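Novice: In the working numbering, the protein residues as written are 6 to 488. Ideal placement from N, C-alpha and C gives every residue a C-beta, glycine not left out. Please read these numbers as outputs of a predicted model, since none were measured by experiment. Mind looking over this structure? Questions follow.
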Ligand code: ADP
């Protein structure tokens, strides 16, 4: 099983594929070259042999015609022609047949077909004056027929045909030898290319192995906390991306740890207060009832605070989920904001802050009513809470829309946010003035919830603030929910 897996891993590896590629690159040209050379050698050798024999045959045919060898009486005396014919057959390891104009074989150097009648197509064509050459590559011989023309006759009457067939075995033998040499060369070539190819491939893929080892070392917690394999542009880029990702994960991890320690701290503070209150009342066994009541009121306040922190944390966790968890419906935004302001009116009254809504047009949008209510409530509540309480404070909420988005503006005449805090106000538990925020019941989670809710709606939030003059939050949300 293990061995099988390793085999598949090897088959799928870049190493194996590169080696395979090199093998193909080494084998294919070698084969094409050797096959090409062998084939062209054969055709060239056969052509040369054909033209050589053809010219010899023609010379012989002319001599035969001149010697009147074709007529029965003269044949016996023409020892000269006989010798020529024998020489041709010996040199080229062949056979010569002479056919007269009755298609009868009058001479066969093999003495096999003497006196037989031959009416083969080639013979017919030669009687019409043609030289016919044919190469039989399967049986390794060249066959040709040449006309024998009467030298006395000007119109060139054909008095016979000479058939010559010669073996091409020696071409075959040469070819076999060449094939052997070519095979050896190809095998040596493949071996050399493969040897250097494998060395190169192993060298080239080494950095990939180093990347993998480096990542494993970082994962297991030993070695560097940065990945550096600088061999190629690609590996440098992979390392850079990996290090970026590692950095982001570290930031996430740090912020998670910070969040957990913040949560613990925030949850502990009311508990500590309660413990102090309980301890001090316990140490006073004779305390009057009024003191008990006062202490119990303080304890109740701390419990409320604890409850608020827990509730805000739960809201935040819900907002951290993906946008798919939105419960979208078409909501009349004018009505929704009116309701929110109505609910917050008592707090505004208490703070002596004037609360004004300005709706430029009716707006209905596809939103998650609960989550968006939470976001808007936090913004307006902050605008009231962090306002002046000299009776001059105001909060303006306005709602507008175009064909794509609706725009919500929450403007206040409050204490403002220092410039260096503007980048942090959406962080969980961040408060510009911790004690002030705590005094007015803040948890530092409100804006984090608001921002997450708006982002889940694919919206955007921007803040503009001037110390002691006021703060403006601009929110933009698509009218139609985008998945
Ligand atoms: P909190 O529960 O403390 O109000 P938030 O997340 O809602 O927490 O806000 C973070 C901090 O941003 C607040 O503590 C406050 O210092 C500042 N802040 C938010 N809104 C305003 C505002 N409208 N005017 C002035 N400061 C604000």
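1) Taking only three categories from DSSP, how would you classify residue 148?
2) Determine the burial state of residue 271: buried for a count of at least 16 other Cβ atoms within 10 Å of its Cβ, exposed for fewer.
3) Taking only runs of the alpha helix (DSSP H) that begin and end inside the segment 33-90, which ones reach a length of at least 4 residues, in chain order?
4) Which two residues bound the contiguous beta strand (DSSP E) that contains residue 478?
5) Kindly list the residues whose CB is nearer than 6 Å to the CB of residue 174, restricted to its own chain and excluding five residues on each side of it in sequence; keep chain order.
6) How about residue 518 and residue 147: are their beta carbons less than 9 Å apart?
7) Going by the beta-carbon positions, is the gap between residue 455 and residue 383 smaller than 9 Å?
8) Closest by CA to residue 389, which one among 416, 375, 365?
9) Tell me which same chain residues have a C-beta within less than 6 Å of the C-beta of residue 247, skipping the five on either side of it?
10) Compute every distance between the C-beta of residue 453 and the non-hydrogen atoms of the ligand PLP, then say whether any falls below 8 Å.
11) Less than 8 Å separating the Cβ of residue 480 from some heavy atom of the ligand ADP?
12) Look up residue 347 in the DSSP assignment and say whether it is helix, strand or coil.
13) Per DSSP, what kind of secondary structure is residue 218 in: helix, strand or coil?
14) Could you work out which residue in 159, 88, 168 is closest to residue 125 when comparing CA atoms only?
15) Using a 10 Å radius around the Cβ and a threshold of 16 neighbouring Cβ atoms, would you call residue 66 buried or exposed?
16) Could you check if residue 419 is buried or exposed, using at least 16 other CB atoms within 10 Å of its CB as the buried criterion?
17) From residue 320 to residue 256, what does the alpha carbon distance come to, in whole angstroms?
18) Looking at C-alpha atoms only, which residue of 439, 133, 30, 170 is the closest neighbour of residue 55?
19) Buried or exposed for residue 380, please, with buried defined as at least 16 other CB atoms from any protein chain shown within 10 angstroms of its CB.
20) How big is the Cα-Cα spacing for residue 48 and residue 139?
21) Can you list, in chain order, the residues of its chain with a C-beta nearer than 8 Å to that of residue 206? Leave out the 5 residues immediately preceding and following it.
22) If contact is defined by three or more beta carbon pairs under 8 Å, each pair taking one atom from either stretch, is the segment 119-134 in contact with the segment 190-210?
23) Is it the case that the CB of residue 237 approaches a heavy atom of the ligand ADP more closely than 8 Å?
24) Tell me whether residue 476 counts as near the ligand ADP, meaning its Cβ is closer than 8 Å to at least one heavy atom of that ligand.
25) Which of the three DSSP states, helix, strand or coil, is assigned to residue 430?
26) Mark residue 11 as exposed unless 16 or more other C-beta atoms lie within 10 angstroms of its C-beta, in which case mark it buried.
27) Please state the DSSP three-state secondary structure of residue 114.
28) I'd like to know whether the C-beta of residue 461 is nearer than 9 Å to at least one C-beta of chain C.
29) Can you tell me where the alpha helix (DSSP H) with residue 252 in it begins and where it stops?
30) Identify whether residue 208 lies in helix, strand or coil by the three-state DSSP scheme.
31) Among 111, 41, 100, whose alpha-carbon lies nearest the alpha-carbon of residue 75?
32) How would you call residue 482, buried or exposed, if buried means at least 16 neighbouring beta carbons within 10 angstroms?
33) Going by DSSP, name the residue or residues bridged to residue 443.
34) Is the number of C-beta pairs between the segment 402-417 and the segment 431-448 that are closer than 8 Å three or more?
35) Beta strand (DSSP E) containing residue 121: first to last residue?
36) Helix, strand or coil for residue 417 per DSSP?
Specialist: Taking the geometry as given:
1) strand
2) buried
3) 77-80
4) 475-483
5) 145
6) Nothing in the structure corresponds to residue 518, since the chain is present only between 6 and 488.
7) yes
8) 416
9) 232
10) This structure lacks the ligand PLP; the ligands present are the ligand ADP.
11) no
12) helix
13) helix
14) 168
15) buried
16) buried
17) 23 Å
18) 170
19) buried
20) 13 Å
21) 20, 23, 24, 27
22) no
23) no
24) yes
25) coil
26) exposed
27) coil
28) Among the chains in the structure shown there is no chain C, since it carries only a single protein chain.
29) 238-287
30) helix
31) 111
32) buried
33) Note: residue 443 sits in no beta bridge, so no partner.
34) no
35) First-last for residue 121: undefined, no H or E at that position.
36) strand
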